[in-house]
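Read the structure below first, then the notes.
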Amino acid sequence: MIIQSLLDTDLYKFSMMQVALHQFPSAQVEYQFKCRSQGVNLRPFMDEIREEIHHLCQLRFQEDELSYLRNLRFIKDDFTEFLGLFHLPEKCIEVSEGELDGEISISVKGSWLHTILFEIPVLAIVNEVYCRNTHPNLDLSEGRKRLADKIELVKSASDLSSFKFADYGTRRRFSRTWHDEVVETLVDKLPNNFVGTSNVLLAKQYRTTPLGTMGHEYLQACQALGPRLRDSQVYAFEMWAKEYRGDLGIALSDVYGLNAFLRDFDMFFCKLFDGARHDSGDPFEWGERLIAHYHANRVDPRAKTLVFSDGLDIPLAMEIARRFDGRCKVSFGIGTNLTNDLGVKALQIVMKMVRCNGQPVAKVSDEPGKTMSVDPAYLAYLRHVFDLPAP
């Protein structure tokens, strides 16, 4: 089966799950799957996907896995005790035909605390089921050649001795075994440049650093959980600080767009958080504006980290690194280009929170194609409240 451990997911799912346990244990949510790739027919694979999800829901955390999580500095004992009793509830997930030809619908409804771990493994399942059916027995030599070329490119960049990047590719990987090979190779070949992976299982297996803080769903949930909508971004950052007391201090900047983020990310947050993560829009403009924002708030940007994670490949990451060299710390999370670059077209799939406590929630991205909402009226209201431009 594709997923063989509940650790085979991204670290930020655990960091957000711990916040849900301590701050929002009664929150109820809904997630919806979406395939952004045009002309893809996933319906022939529905039974296979259901079988994989059924297996996923039988998994439990093993004692060595709980011990690994317990030794992460920011994980608290009561959380690992909870995980010792945890399993994904199969009754909360449904796979069915979508409205359009070839579409499938995957919906998750239930307690945020008990359903938050569905997203990453479900996306990995859909990707791998699709890939192994449409490209059976694919020769991995092309993928290995491309990976070797990336490694040589990094090694040859003598002007970027401090270039650091991580694997963020769990959800869109070609397969579990290929993901494993990629991380093992990078750990071996680039020990000074490859700083870790978002995948907790592979971080454990290859003794590298698990990386991640917050995802879009956390700030989206706070639209329904906070005191009022306009204050939801500030509320999200404050509740994160209440839980982690300065640890895990990379703030996500693109749930309401950069303008709204900078309005809310005041001097207090500039000083408290270690940096911010870019996930949509022009990365160069984003970096320039964030550095200017730090200067305006009397904070030295050289002490802060800018994390870039939007559709990166190695050449683009290196170009960004050169632009901001010496002006701030930079790091890069590279996903699909590491784990699904084998000469075949990768799926563009997401699974986003669309409701919390019965209320619509939405992400309004700096990149229009990434905006996601099931309620146009709510999306229009959100744009109005945060003074966001019309699409």
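Once you know that position 289 of the sequence shown is 295 in the working numbering, the rest is easy, because the numbers rise by one and skip nothing.
We put the CB at the ideal spot given by N, CA and C, even for glycine.
Predicted model only: the values in this text are computed from it and were never measured.
Top-ranked residue by Cα proximity to residue i, from the options
i, options, result
"ASP347", "LYS115, VAL201, ILE112 and ARG150", "ARG150"
"ARG178", "SER43, LEU12, ASP260 and SER168", "SER43"
"GLY352", "ALA266, THR140, GLN239 and VAL336", "Going by the sequence as given, residue 352 is Ala instead of Gly. Answer by Cα proximity: THR140."
"ARG66", "GLU249, GLU54, LYS156 and PRO95", "PRO95"
"MET324", "PHE290, MET220, ILE55 and GLY349", "PHE290"
"LYS97", "TYR74, VAL128 and CYS63", "CYS63"
"GLU100", "LYS115, LEU231 and VAL336", "LYS115"
"ARG333", "GLY341, THR215 and ALA309", "ALA309"
"GLU317", "GLY287, LEU388 and PHE180", "Note on identity: in this sequence residue 317 is Gly, with Glu being the wrong assignment. The shortest C-alpha separation from GLY317 is found at GLY287."
"LEU144", "ASN363, THR183, GLU109 and ASP107", "THR183"
"VAL380", "ILE81, GLN365, LYS156 and LEU91", "GLN365"
"ASN133", "LEU166, CYS41, SER315 and PHE392", "CYS41"
"SER73", "HIS60, HIS61 and GLU87", "GLU87"
"GLY45", "GLN29, GLY108 and ASP272", "GLY108"
"ILE59", "ILE126, ILE297, PHE330 and ARG329", "ILE126"
"MET220", "SER315, CYS362 and LEU385", "SER315"
"CYS362", "LEU394, SER117 and ARG213", "SER117"
"LYS210", "ARG56, ASP83 and LEU78", "LEU78"
"ARG213", "ASP272, LEU75, LEU146 and ASP393", "LEU75"
"SER337", "ASN198, PRO142, ASP194 and ASP83", "ASN198"
Supposed contact pair residue j and residue i - C-beta distance, whole angstroms, cut 8 Å
i, j, result
"LEU17", "VAL206", "5 Å"
"HIS185", "THR15", "No, HIS185 and THR15 are not in contact; Cβ-Cβ is about 12 Å, not under 8 Å."
"PHE39", "ILE355", "7 Å"
"TYR174", "GLY339", "4 Å"
"LEU192", "PHE200", "4 Å"
"GLU54", "VAL135", "5 Å"
"TYR119", "PRO233", "Here residue 119 turns out to be Leu, not Tyr, going by the sequence shown. 21 Å between Cβ atoms; not a contact."
"VAL305", "LYS277", "6 Å"
Cβ pair residue i, residue j closer than 8 Å
i, j, result
"PRO268", "HIS301", "What sits at residue 268 in the sequence shown is Leu, not Pro. No, the Cβ-Cβ distance between LEU268 and HIS301 is not below 8 Å."
"VAL367", "ALA227", "yes"
"ALA383", "PHE169", "no"
"ALA257", "PHE279", "yes"
"THR176", "VAL189", "no"
"GLN239", "ASP270", "yes"
"THR121", "VAL261", "no"
"GLN10", "GLU249", "no"
"GLY104", "SER113", "no"
"LEU254", "HIS284", "no"
"LEU264", "ARG236", "no"
"PHE85", "LEU153", "no"
"ALA130", "ILE8", "yes"
"VAL360", "TYR37", "yes"
"HIS222", "LYS358", "yes"
"GLY349", "GLU158", "no"
"LEU217", "ALA172", "yes"
"CYS137", "SER181", "yes"
"ASN303", "ASP319", "no"
"VAL160", "LEU106", "no"
"GLU71", "LEU13", "yes"
"ALA33", "LEU231", "yes"
"PHE80", "SER21", "yes"
"GLY293", "ARG329", "yes"
Proximity test, Cβ basis, 8 Å: residue i and chain D
i, result
"LYS358", "Chain labels in this structure do not include chain D; a single protein chain is all it has."
Residue i beta carbon near the ligand SAH (any heavy atom closer than 7 Å)
i, result
"HIS185", "Annotation note on the ligand SAH: not contained in the displayed structure, which lists no ligands."
* So does the region 227-244 actually touch the region 48-56, counting three or more Cβ pairs closer than 8 Å? -> The region 227-244, when compared against the region 48-56, does not touch it at the 8 Å Cβ threshold.
* **Continuous alpha helix (DSSP H) assignments of at least 4 residues falling wholly in the region 245-332** => Complete alpha helix (DSSP H) runs here, min 4: 264-270, 273-278, 289-302 and 320-330.
* Asked: Mind pulling the beta strand (DSSP E) runs of 3 or more residues that sit fully within the region 14-82?
  -> For the region 14-82, the full-length beta strand (DSSP E) segments reaching 3 residues or more read 34-41 along the chain.
* Can you give, in chain order, each stretch of the beta strand (DSSP E) that sits fully within the region 160-238 and has at least 3 residues? -> Taking only runs of at least 3 residues, the beta strand (DSSP E) segments lying wholly in the region 160-238 are 171-173 and 200-203.
* Could you pull out every unbroken alpha helix (DSSP H) segment of at least 4 residues lying fully inside the region 330-392, listed in chain order? => Residue ranges of uninterrupted alpha helix (DSSP H) with 4 or more members, entirely inside the region 330-392 and ordered along the chain, are 342-345 and 382-391.
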